[in-house]
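Position one of the sequence shown corresponds to residue 7 (my numbering), numbered consecutively onward. Accompanying notes for the structure given below.
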Amino acid sequence: MNDTTTYPQDPFHPDKKGGEFVLFDLEFTAWEGSLERGWSEPWEAREIIQIGAVRVKDDAKLTEVGRLVMLVTPVKNPQLSDYIIALTGIDQDAIDTEGFDFEEALDVFMDFCEGARAILSYSGDPDVLAENCKLHGVKPPKWARFAEISEILGRRAGPEFATSHSNQLPKLVGLEPDGKAHDAMDDSLAILSTLRVLRSRGVL
7 MNDTTTYPQD PFHPDKKGGE FVLFDLEFTA WEGSLERGWS EPWEAREIIQ
57 IGAVRVKDDA KLTEVGRLVM LVTPVKNPQL SDYIIALTGI DQDAIDTEGF
107 DFEEALDVFM DFCEGARAIL SYSGDPDVLA ENCKLHGVKP PKWARFAEIS
157 EILGRRAGPE FATSHSNQLP KLVGLEPDGK AHDAMDDSLA ILSTLRVLRS
207 RGVL
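Structure representation (structure tokens):
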């Protein structure tokens, strides 16, 4: 993120409750060892290849009101690595035939978020979104509604909630993960199922 980025201090604070919010997750290009070296090779970039989002009412049950999932075509490395294909299950044919250009995908995503009071993610996806805006020369969205909730959950629910992975969060509240890890839609739903339990316990 850049220095002008701002986040809500805590999107679950009683003063902020109500309306609707969006939970989202991103999948992006990677190669064997990318994470360990921080995508530091000059040819590497964390280009988004999938966006998954779920929109919910900020009520007692966190009622789902909409879903969005789409593939995005990378341009710096248009050929997916065997590593990321195996990790996500997204193959080259799907990207080539179903992928949106990043700018169009961002527009569709932000339209989905229209009117939502907050846009929430886990594991730093707003940073990846900002990197892609810069890489593609696209005007970034206004960041005021975006929030990375790992630290917030860590403060509210326990330190283990700050250092998990989206698809593993349900285990921390006694649920079995449902869906495929590293699928942006399934990971978004995993976050939601976790938040629902925490809401029922009065943590959020």
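All C-beta atoms, glycine included, are put in the ideal place defined by N, C-alpha and C.
For F115, the CB contacts under 6 Å within the same chain, skipping 5 residues up- and downstream, are I57 in chain order. Each of D31, D16, L195 and G95 was checked against the Cα of D133, and the nearest Cα belongs to D31. Sixteen is the threshold: since fewer than 16 other Cβ atoms of the shown chains lie within 10 Å of the Cβ of H19, the residue is exposed.
Rounded to the nearest whole angstrom, the CA to CA distance from A51 to A100 is 20 Å. Below 8 Å, enough C-beta pairs join the segment 32 to 45 and the segment 183 to 196 to call them touching: three or more.
Burial of L175 is indicated by the presence of at least 16 other C-beta atoms within 10 angstroms of its C-beta. A contact is defined here as three or more CB-CB pairs under 8 Å, and the segment 164 to 172 fails this definition with respect to the segment 140 to 148.
Taking 9 Å as the cut-off, the Cβ atoms of S129 and E154 count as close.
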